[in-house]
Amino acid sequence: MGDFIRIFEVVLPVVLLVVFGYIARKLNIFDEEFVKDGSRVVFLVFLPINMFFNIYNASGFDLVNPIVVVYAFLGQLFLIIIGYIIYKKMGFDNETIAVLLQTLTRSNIVLFGLSIAQNYFNIDGVALVTIYIGLIAASSNAFAILIYEALTSKDTKINYRKMLMSVFKNPILIAAIFGLIFNALNMRIYEPVMKAAGDLASVATPLGLMCVGGSIKFAKDSEDQKALNTAVISKAVLVPVIMLSLFAFLGLTGPEMFVMIILFAAPVAVSSHAMSIIYTSKGDLSALIIVYTTIINSIVIFLAILILSNMGII
Numbered sequence: 003m004g005d006f007i008r009i010f011e012v013v014l015p016v017v018l019l020v021v022f023g024y025i026a027r028k029l030n031i032f033d034e035e036f037v038k039d040g041s042r043v044v045f046l047v048f049l050p051i052n053m054f055f056n057i058y059n060a061s062g063f064d065l066v067n068p069i070v071v072v073y074a075f076l077g078q079l080f081l082i083i084i085g086y087i088i089y090k091k092m093g094f095d096n097e098t099i100a101v102l103l104q105t106l107t108r109s110n111i112v113l114f115g116l117s118i119a120q121n122y123f124n125i126d127g128v129a130l131v132t133i134y135i136g137l138i139a140a141s142s143n144a145f146a147i148l149i150y151e152a153l154t155s156k157d158t159k160i161n162y163r164k165m166l167m168s169v170f171k172n173p174i175l176i177a178a179i180f181g182l183i184f185n186a187l188n189m190r191i192y193e194p195v196m197k198a199a200g201d202l203a204s205v206a207t208p209l210g211l212m213c214v215g216g217s218i219k220f221a222k223d224s225e226d227q228k229a230l231n232t233a234v235i236s237k238a239v240l241v242p243v244i245m246l247s248l249f250a251f252l253g254l255t256g257p258e259m260f261v262m263i264i265l266f267a268a269p270v271a272v273s274s275h276a277m278s279i280i281y282t283s284k285g286d287l288s289a290l291i292i293v294y295t296t297i298i299n300s301i302v303i304f305l306a307i308l309i310l311s312n313m314g315i316i
């Protein structure tokens, strides 16, 4: 019972911020433009600053295990290959398959990962999670672009230059790299600048999660009900059970296993909706997937952390 309450108290603040954002949007405290602009500034400014300072202030980087990043990369690649084969046999068109594959591999790892990690681990544990998230977020972004370019682009050749540019322009990755450099070289930052930047970093989690809640829109019917059901069942049940069982079998524990929970059990990233609109005509399907996985996968994360914590794995 003690573990249940402890894990519940770790996840509950995240869920409450999402719920508050949803209620605020329904009451018109937030409007749609605020949610869009807020999400943008969180991604471009507040989250990168948060990530930079988590890494900058931490110690124990000798504990970073590169194999975790390799496992995450191979896990995503495995899901893409298997998912494509299954979804093709189920009769989905390429645009729908692209959206479904992005559902499998592009989780809200930065917002959910950092916010839950800060409630669960000490500063060094948070730093480890932060480094892993920065690197894995880059590969998730690359996979998303590769999926859409391969399945929906009218060009016969994949635009690898565009894909690489998108990865290396990712502000989360840039912040992680600079955090590592400043930490490794023991570079000191002027105290007033530290204070101001720290205040900005503290905005990332509450504003970001409220914007996630504010972006939730329910719809009664979907033209792609079969695809929606497939996406939600895959993301909420099949992927977490299969992938987390696999990584537990491979011996991952602690912050490393926590990263896998976030990568494979967190809700679909809100930013995936924008990409679905750019590349496909399935924006409504993508939006509904985000809504339902935000609700259901918040519970899945809680259960995953609770079960693996009781097993002594994290």
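Heads up: the sequence shown begins at 3 in the working numbering, then just goes up one per residue. The beta-carbon is built from N, C-alpha and C at its ideal position, and this holds for glycine as well.
query	result
Taking Lys171 as part of the alpha helix (DSSP H), name the residues at either end of that continuous run.	First-last for Lys171: undefined, no H or E at that position.
Can you list, in chain order, the residues of its chain with a C-beta nearer than 6 Å to that of Phe266? Leave out the 5 residues immediately preceding and following it.	Val241, Pro242 and Met245
Using the C-alpha atoms, what's the distance from Asn188 back to Ile31?	44 Å
Could you give the distance in angstroms between the alpha-carbon of Leu29 and the alpha-carbon of Ala306?	33 Å
Sort out for me which residues DSSP pairs Val270 with in a bridge.	Ser109
Note the first and the last residue of the continuous alpha helix (DSSP H) segment covering Lys197.	Glu193 to Ala203
Helix, strand or coil for Met245, going by three-state DSSP, please let me know.	helix
Assign Val239 to buried or exposed, taking buried as 16 or more other Cβ atoms, counted over all protein chains shown, within 10 Å of its Cβ.	exposed
Given Asn67, which residues of its chain have a CB within under 7 Å of its CB, disregarding the five upstream and five downstream residues?	Glu258
Taking Phe210 as the reference, which of Leu14, Val112 and Leu81 has the closest Cα?	The question names Phe, but residue 210 is Gly in the sequence shown. Checking every option, the nearest Cα to that of Gly210 belongs to Val112.
Roughly how many angstroms lie between the CA atoms of Thr232 and Ile297, to the nearest whole one?	16 Å
With three or more beta-carbon pairs closer than 8 Å as the criterion, would you say the region 49 to 59 touches the region 194 to 207?	yes
Could you give the first and the last residue of the continuous alpha helix (DSSP H) run that contains Lys219?	No alpha helix (DSSP H) holds Lys219; DSSP gives it neither H nor E.
Is the region 147 to 154 in contact with the region 92 to 104, if contact means three or more CB pairs nearer than 8 Å?	yes
Taking 8 Å as the threshold (C-beta atoms), are Met212 and Ala74 in contact?	no
Would Ala289 be called buried (16 or more neighbouring beta carbons within 10 Å of its own) or exposed?	buried
Taking 8 Å as the cut-off, decide whether the C-beta atoms of Ile303 and Val272 are in contact.	no
Mind checking Gln78: buried by the 16 CB within 10 Å criterion, or exposed?	buried
Considering only the alpha carbon of each residue, which of Gly314, Ala146 and Arg8 lies closest to Leu106?	Ala146
Quick one: Cα of Asn185 to Cα of Gln227, how far?	49 Å
Does DSSP put Val66 in a helix, a strand or coil?	coil
Could you give the first and the last residue of the continuous alpha helix (DSSP H) run that contains Lys38?	Glu34 to Val43
Of the residues Met313, Phe260 and Ile301, which one's Cα is nearest the Cα of Tyr134?	Phe260
To the nearest angstrom, report how far apart Met313 and Thr207 are at their CA atoms.	29 Å
Is the separation between the beta-carbon of Ile315 and that of Ala268 shorter than 8 Å?	no
When the Cα of Phe36 is compared with those of Gly215, Ser274 and Ile176, which residue comes out closest?	Gly215
Tell me which residues share the same chain as Gly181 and place their Cβ nearer than 6 Å to its Cβ, disregarding the 5 neighbours each side in the sequence.	Phe54, Ile57 and Tyr58
Since Leu252 is in the alpha helix (DSSP H), which residue starts that stretch and which ends it?	That residue, Leu252, is in no alpha helix (DSSP H); it is neither H nor E in DSSP.
If I'm right that Asn172 touches Ala139 with Cβ under 8 Å, what's the distance once you round it to whole angstroms?	7 Å
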